[in-house]
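Chemist: Once you know that position 22 of the sequence shown is 22 in full-length UniProt numbering, the rest is easy, because the numbers rise by one and skip nothing.
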Amino acid sequence: MITAAAGRAVSSVQDLRGVLLGQRPGDRMTLTLRRGGGQVTLTLTLPATSSPFAPSVQSL
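Below is the structure:
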């Protein structure tokens, strides 16, 4: 379970989405997870490209 993102507490998907909306492609951010009774902190770099699941517009 994600408990914090970019140093901000996260308790819902909406909280996480709010944090992500404030980030830019290429930004580094931390995620704090509760896992196996402990806490794990990961650092990640947000991708410069959009999600492969996001719709894209192609010019005709």
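Cβ coordinates follow ideal geometry from the N, Cα and C atoms, glycine included.
Does DSSP put LEU46 in a helix, in a strand, or in coil?
Modeler: As a first step, residue 46 must be located in the sequence shown, where it is residue number 46. Coil.
Chemist: Assuming the contact rule is C-beta atoms closer than 8 Å, residue 61 and GLY26 should be a hit. Round their C-beta distance to whole Å, please.
Modeler: As displayed, the chain neither begins before 1 nor continues past 60, which places residue 61 out of reach and without an answer.
Chemist: Might you give, ordered along the chain, the residues of its own chain that have their beta carbon closer than 7 Å to the beta carbon of SER11, omitting 5 neighbours on each side?
Modeler: By one-based count along the sequence shown, residue 11 stands at place 11. Nothing meets the Cβ criterion.
Chemist: Since ARG17 is in the alpha helix (DSSP H), which residue starts that stretch and which ends it?
Modeler: Position 17 of the sequence shown, counted from the first residue, corresponds to residue 17. Run containing ARG17: 13–21, per the alpha helix (DSSP H) assignment.
Chemist: Rounded to the nearest angstrom, what separates LEU33 and VAL40 at their Cα positions?
Modeler: Taking the first residue of the sequence shown as position 1, residue 33 is located at position 33. Taking the first residue of the sequence shown as position 1, residue 40 is located at position 40. The straight-line gap from Cα to Cα measures roughly 5 Å.
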